[in-house]
Structure formats: structure tokens, C-alpha cells
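Here numbering that gives the first Met the number 0 is used: position 282 in the sequence shown is 281, and no number is missing along the way.
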Amino acid sequence: MESIWTKTCRMPAFPSLSSDMDVDVAVVGGGMAGILIAYFLKDSGLSVAVFEKDAIGRGATAFTTAKITSQHGLIYTKLIQNIGKEKARQYAAAQQKAVTCYRSIIEQENISCHLEETSSYLYSTADAEQLKREEESAVSLGLPASFTRQTELPFPVKGAVRFDHQAQFHPLQFLRSVAAKLKVYEHSEAVRVSGHRLYIRAAGETYTVKAGRIVIATHFPIRNFPGFYFMRQHQELSYILALDRAARLKGMYYCSDPGGYTFRSFGRFTLFGGLGHRSGKLRPGDSYRRLWHQARRMYPRAALAAHWSNEDAMPHDRLPFIGPYSLWTPQLYVATGFQKWGMTGAMTAALALSDQILGRNDGHYDIYLPQRLSLSGLGPFLADTGHTLTHLILQKPFVPYGKKRCIEKGFGPTCTHLGCTLSYNPADHTWDCPCHGSRYSEDGTLLSGPACRSLKK
Ligand SMILES: Cc1cc2nc3c(=O)[nH]c(=O)nc-3n(C[C@H](O)[C@H](O)[C@H](O)COP(=O)(O)OP(=O)(O)OC[C@H]3O[C@@H](n4cnc5c(N)ncnc54)[C@H](O)[C@@H]3O)c2cc1C
Ligand code: FES
Numbered sequence: 000m001e002s003i004w005t006k007t008c009r010m011p012a013f014p015s016l017s018s019d020m021d022v023d024v025a026v027v028g029g030g031m032a033g034i035l036i037a038y039f040l041k042d043s044g045l046s047v048a049v050f051e052k053d054a055i056g057r058g059a060t061a062f063t064t065a066k067i068t069s070q071h072g073l074i075y076t077k078l079i080q081n082i083g084k085e086k087a088r089q090y091a092a093a094q095q096k097a098v099t100c101y102r103s104i105i106e107q108e109n110i111s112c113h114l115e116e117t118s119s120y121l122y123s124t125a126d127a128e129q130l131k132r133e134e135e136s137a138v139s140l141g142l143p144a145s146f147t148r149q150t151e152l153p154f155p156v157k158g159a160v161r162f163d164h165q166a167q168f169h170p171l172q173f174l175r176s177v178a179a180k181l182k183v184y185e186h187s188e189a190v191r192v193s194g195h196r197l198y199i200r201a202a203g204e205t206y207t208v209k210a211g212r213i214v215i216a217t218h219f220p221i222r223n224f225p226g227f228y229f230m231r232q233h234q235e236l237s238y239i240l241a242l243d244r245a246a247r248l249k250g251m252y253y254c255s256d257p258g259g260y261t262f263r264s265f266g267r268f269t270l271f272g273g274l275g276h277r278s279g280k281l282r283p284g285d286s287y288r289r290l291w292h293q294a295r296r297m298y299p300r301a302a303l304a305a306h307w308s309n310e311d312a313m314p315h316d317r318l319p320f321i322g323p324y325s326l327w328t329p330q331l332y333v334a335t336g337f338q339k340w341g342m343t344g345a346m347t348a349a350l351a352l353s354d355q356i357l358g359r360n361d362g363h364y365d366i367y368l369p370q371r372l373s374l375s376g377l378g379p380f381l382a383d384t385g386h387t388l389t390h391l392i393l394q395k396p397f398v399p400y401g402k403k404r405c406i407e408k409g410f411g412p413t414c415t416h417l418g419c420t421l422s423y424n425p426a427d428h429t430w431d432c433p434c435h436g437s438r439y440s441e442d443g444t445l446l447s448g449p450a451c452r453s454l455k456k
């Protein structure tokens with residue numbers, strides 16, 4: 000699959016690991032989170048290495064829309080209700096700081112990555128009242144929010160919350176420049192973590208990396224126990240089209256209504272996305288075709304330049320997990336659960352984990368601690384567990400009729416994570432897991448976790 004980012008940026012190649020090594024900090028995962036965490040530690044005097052199973056920037060970071068914003072959908076009113084105003088203010092401040100940090104790094108390192116300062120809009124075609132409440136909540140937390148009815152969208156809206164001084168960029172051009180300053184090993188897959196040892200498989204050999212600290216930044220954590228992240232978040236899949244000859248938008252747009260669309264421009268392209276759903280919970284038909292149909296209604300002259308899909312890890316209480324992996328593994332850290340906002344989420348993780356690893360923790364990032372107890376997450380936790388158990392017990396996949404004939408006994412293959420039966424995604428021709436969202440290509444090759452093994456052929 001190619002996105003507009005992978006089509007417009009040539010990434011450098013890094014070597015694979017070829018011997019055992021000792022390092023102060025080992026970072027697993029060469030996406031936005033892993034690379035930024037290593038970047039923040041590189042001048043600390045500690046030795047740091049990043050291990051990437053594929054190539055850097057080929058995971059979720061390659062398939063984002065790359066809006067850099069503290070506007071994360073309808074979140075601030077809910078956060079104030081769920082965790083109180085002080086903690087909601089901490090969330091808002093950290094995300095807004097992340098926006099500023101991108102700007103500082105880009106200026107400091109002189110990175111050319113199409114950075115544009117712009118406004119971010121959360122719009123609704125159905126309900127202005129909840130947007131007004133969201134605007135009041137955001138303002139009360141110190142965010143640069145205002146309510147407006149003016150947008151550049153090709154349809155009328157009831158209203159929008161506008162956040163000023165936000166940004167958008169080319170994520171891979173940024174990642175490439177930052178990674179150039181780091182020690183990175185590609186095609187080097189972490190296959191086991193045990194105490195201070197990381198076992199890395201590269202070119203058919205397994206090497207041991209002894210590390211003082213290990214950070215798991217693999218989008219969805221690769222280790223089930225301890226931590227139990229597969230029970231604390233689920234994954235959602237969204238689809239994006241890059242349109243040529245559509246309108247050029249100055250702002251970035253995200254819809255607060257269920258089933259709404261997302262928009263931003265990149266050069267002459269308009270990125271248009273939506274039709275998100277829980278991974279593995281599929282409807283018949285092709286999501287790209289439906290999205291394209293919508294796009295043509297709005298922009299009749301548009302041509303399709305690229306299309307892709309991507310998954311988000313969605314924690315039950317809507318807060319990312321950033322900090323020690325578990326109470327029993329003080330040397331092991333995690334950064335996951337960025338929901339749909341992993342650009343600022345990754346930057347927040349890098350700031351928080353570098354502080355924790357360097358012993359500078361001042362409590363500003365405590366709301367993200369993975370060991371938090373959260374009442375607001377209880378309902379979604381129960382619903383999620385029910386969903387997973389139903390799929391595990393009933394083994395009920397989605398397999399379209401044409402595909403069913405090809406599969407023995409009419410069932411899809413079984414996920415290598417915990418054994419749910421996979422559903423067939425006709426848009427991407429992938430096998431997607433309805434339990435925790437692992438994805439496999441049609442020939443069974445693992446595309447994304449939490450599973451760590453491809454399907455048996
Ligand atoms: C459609 C869509 C649009 C989005 N748009 C935005 C947006 O506009 N703004 C925003 O803030 N966020 C957005 N997001 C979210 C954001 O893109 C992601 O949260 C972010 O890119 C995640 O970065 P990451 O580093 O955690 O994961 P990744 O980029 O997936 O990096 C993880 C890396 O770990 C590697 N890995 C996995 N297992 C192993 C292993 N065993 N050993 C070694 N390496 C391993 C993978 O190969 C991968 O390269 C969007 C998401 C979606 C789905
Ligand atoms: S991802 Fe957990 S069972 Fe498939």
C-alpha cells in the first residue's frame with residue numbers, strides 16, 4: 000500500500016543488526032514515537048539505538064494525515080467530566096506543547112518538511128450545541144479555541160470549533176531528517192524481551208541486545224503480559240483518499256458527527272478520509288469506492304492520486320499509555336494508545352519518556368501513566384471484553400460470498416495473536432482480526448500487530 004507520503008519521499012536505508020550489543024536505551028519501533036523518543040535522548044550522554052522490524056516510517060506513521068494539533072475531536076468536555084479540570088488542563092498543555100516542539104525541532108534542525116501553520120476545525124453538520132460546549136471547555140483549559148460558522152468546506156455546517164496556531168507537515172520528510180541523527184537498525188525485529196535483554200532477529204540470526212532501559216514503541220505493544228494492553232484498547236481502521244484537482248483548503252477539518260469526514264491539503268492534493276470502523280468489523284463492499292463516490296459529489300473534477308488505510312489504537316479511557324510497561328518491569332517502557340492523534344501523542348511520549356529515563360519526572364505527564372485506574376474506562380472495557388469473547392467463542396468472521404468459496408469450510412484463517420477468526424477486508428484485500436485488530440495480507444503475511452507471527456500458509 001502506498002500513501003501520498005510514501006509516494007513523495009525517498010527514505011534512507013539503515014543497516015541491520017549484525018552482532019550482539021550493549022546499549023543504555025534500546026527503542027523498539029521506528030515510527031514517529033520511537034524516533035522522537037531516541038531523538039530526545041541522543042544528547043543525554045546515554046547510548047541509544049532504535050530497532051525497526053521493517054524500515055523506518057513504514058508503520059502507521061506512513062499512513063497518517065499528519066495534522067499537528069491539540070484538537071482531538073470532542074475530547075475536552077469529556078475529559079473535564081472524567082478526570083477533572085486540573086488533569087484535563089495537563090492533557091491540553093502537553094498536546095499544545097507538542098505542537099510547539101515540532102516547530103522548534105524543525106527550525107533548530109533546519110528541516111524541510113512542508114510545515115505550515117494553520118487552523119484546525121472540528122465541524123458538525125448536525126449539532127452546534129455540543130461544539131459550543133467543547134469550545135467553552137477548550138478555552139477554560141487555556142487552548143486557542145473559538146466558535147465559528149465559516150469554513151471552506153463544500154457543504155454547509157451547523158458550526159465549527161476553530162483552534163488557531165496548529166500545523167500540518169509531511170511526516171516522512173520530518174522523520175527522515177530526525178532519524179539521520181540516530182543509530183538505527185532496520186530489518187531487525189524484536190522477537191523477545193526478557194529483563195534487560197532484547198532478542199533481535201535480523202537476516203535469519205538472533206542477536207542479544209543488553210539494555211539498561213527498553214522502550215516499546217511499536218504502535219500496538221508486542222508483549223501481552225504483563226501490561227495486558229490488548230485488553231485495554233482496541234483498534235479502529237480508517238480510509239483516506241488523496242485527491243488531485245479538488246479545492247485547496249487552508250485549514251484542517253475533522254468532523255464530530257459519527258461517520259463524518261476529515262480533510263486537509265498537501266500541495267496540490269486534498270486528503271479526504273472517513274468511513275472508520277472497528278478493525279475486523281466489516282461491511283460488504285469497498286470502502287474506497289464509497290469514499291470516492293462522496294468525493295466526486297463534492298469535487299466533480301477530482302482525480303484519485305492515492306488511497307490507503309490505517310489503524311489507530313483506542314484506549315478505553317481516551318488517554319494514551321506512556322510510561323513504565325508494568326509495575327513489575329521498571330526497566331521497560333511503553334508508548335501506545337494515541338487514538339487518532341499520534342503526531343502530538345508521539346511528541347508527548349518522547350518528552351515524557353525522556354524525562355522519566357533521565358530522572359527528571361516532574362509529574363506533568365502522570366495522567367498518561369499506564370498503571371492508572373480509571374472509572375471512565377470501565378464501561379468500554381466491559382463492552383470490549385464482551386466483543387472479544389463473543390468473537391473468540393462464536394468464531395464469526397466476515398467473509399464475502401466470493402471469498403467464502405475459496406476457504407475451506409467457509410471459515411477465514413485464525414489470528415496468531417489469541418486465536419480469533421479473521422474477517423476479510425475487500426477494500427484492502429487483507430485479513431483483519433475483529434478482536435484486537437491484527438492485520439494480514441491476502442497471502443497471510445503479518446502487516447500489523449498485536450500479533451507477532453504471520454499466518455501458517
Ligand atoms: C487514517 C489516519 C489518520 C491519522 N491522522 C492523524 C493526524 O492527522 N494527526 C495525528 O496526530 N495523528 C494521526 N493519526 C495517528 C498517527 O498517525 C499514529 O498514531 C502515529 O503515526 C503512530 O506512530 P507510532 O510510532 O506509534 O507507530 P508506527 O508508525 O506504526 O511505528 C511503529 C513501528 O514499530 C515497528 N515494529 C512493530 N513491531 C516491531 C518489532 N517486533 N520489532 C521492531 N519493530 C517493530 C513497526 O514496523 C513500525 O514501523 C492518524 C491515524 C489514522 C489511522
Ligand atoms: S489480534 Fe488478538 S486475537 Fe487477533
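The beta-carbon is built from N, C-alpha and C at its ideal position, and this holds for glycine as well.
Can you tell me whether residue i is helix, strand or coil according to DSSP?
| i | result |
| --- | --- |
| N81 | helix |
| P153 | coil |
| F146 | strand |
| V398 | coil |
| L121 | strand |
| C419 | coil |
| A178 | helix |
| C308 | At residue 308 the sequence reads Ser, which differs from the Cys that was named. Reduced to three states, the DSSP call for S308 is strand. |
| A32 | helix |
| Q330 | coil |
| T269 | strand |
| R9 | coil |
| C100 | helix |
| A25 | strand |
| T261 | strand |
| E108 | coil |
| L171 | helix |
| M0 | coil |
| Q234 | strand |
| T76 | helix |
Measure the C-alpha to C-alpha separation of residue i and residue j and round it to an integer number of angstroms.
| i | j | result |
| --- | --- | --- |
| D311 | K280 | 14 Å |
| E151 | T68 | 19 Å |
| P155 | T124 | 7 Å |
| F410 | Q129 | Confidence at F410 is low in this model, with a pLDDT of 48, below 50, so the placement of that residue should be treated as unreliable; the coordinate-derived value is given next. One C-alpha to the other measures close to 43 Å. |
| E108 | L171 | 15 Å |
| Y122 | Q149 | 10 Å |
| G44 | Y206 | 24 Å |
| P299 | F13 | 43 Å |
| A178 | S422 | 36 Å |
| L197 | A144 | 45 Å |
| T328 | L445 | 27 Å |
| I105 | T99 | 10 Å |
| L114 | L174 | 13 Å |
| W291 | L240 | 7 Å |
| Y439 | H276 | 17 Å |
| A210 | S193 | 11 Å |
| K408 | V398 | In this predicted model, K408 has a pLDDT of only 47, less than 50, meaning its place in the structure is not dependable enough to derive any value. |
| E85 | Q370 | 19 Å |
What residue range is occupied by the uninterrupted beta strand (DSSP E) comprising residue i?
| i | result |
| --- | --- |
| Y206 | 204–215 |
| S373 | Looking at the DSSP string, S373 is not in any beta strand (DSSP E), and its letter there is neither H nor E. |
| A48 | 47–50 |
| A166 | 158–167 |
| R438 | 438–440 |
| R200 | 196–201 |
| Q129 | Q129 -> not in any beta strand (DSSP E); alpha helix (DSSP H) instead, spanning 128–139. |
| F320 | 320–323 |
| A61 | Run containing A61: none; DSSP gives neither H nor E here. |
| H113 | No beta strand (DSSP E) holds H113; DSSP gives it neither H nor E. |
| L454 | Where L454 is concerned, there is no enclosing beta strand (DSSP E), given that its DSSP letter is neither H nor E. |
| Y367 | Where Y367 is concerned, there is no enclosing beta strand (DSSP E), given that its DSSP letter is neither H nor E. |
| D431 | 429–431 |
| C254 | 251–254 |
Following the continuous alpha helix (DSSP H) through residue i, name the residue where it begins and the one where it ends.
| i | result |
| --- | --- |
| A465 | Outside the shown range of the chain, which is 0 to 456, sits residue 465, and nothing can be said about it. |
| H386 | 377–393 |
| H292 | 286–297 |
| N193 | According to the sequence as given, residue 193 is Ser; it is not Asn. Careful: S193 lies outside any alpha helix (DSSP H), inside the beta strand (DSSP E) at 188–193. |
With residue i and residue j assumed to form a contact (beta carbons below 8 Å), what rounded beta-carbon distance in angstroms separates them?
| i | j | result |
| --- | --- | --- |
| S308 | A426 | 7 Å |
| M297 | Q167 | M297 to Q167, Cβ: 20 Å. No contact. |
| G30 | A216 | 7 Å |
| V47 | K182 | 7 Å |
Taking three-plus beta-carbon pairs below 8 Å as touching, is the segment 332–347 in contact with the segment 52–70? Yes, they touch.
I want to know whether the segment 306–321 touches the segment 251–270 - three or more CB-CB distances under 8 Å. Remark: fewer than three beta-carbon pairs, one from each stretch, lie closer than 8 Å, so the segment 306–321 and the segment 251–270 are not flagged as touching.
Would you call the segment 30–42 and the segment 54–62 touching, i.e. three or more CB-CB distances under 8 Å? yes
Using 8 Å as the Cβ pair cut-off and three pairs as the minimum, do the segment 239–246 and the segment 261–276 touch? yes
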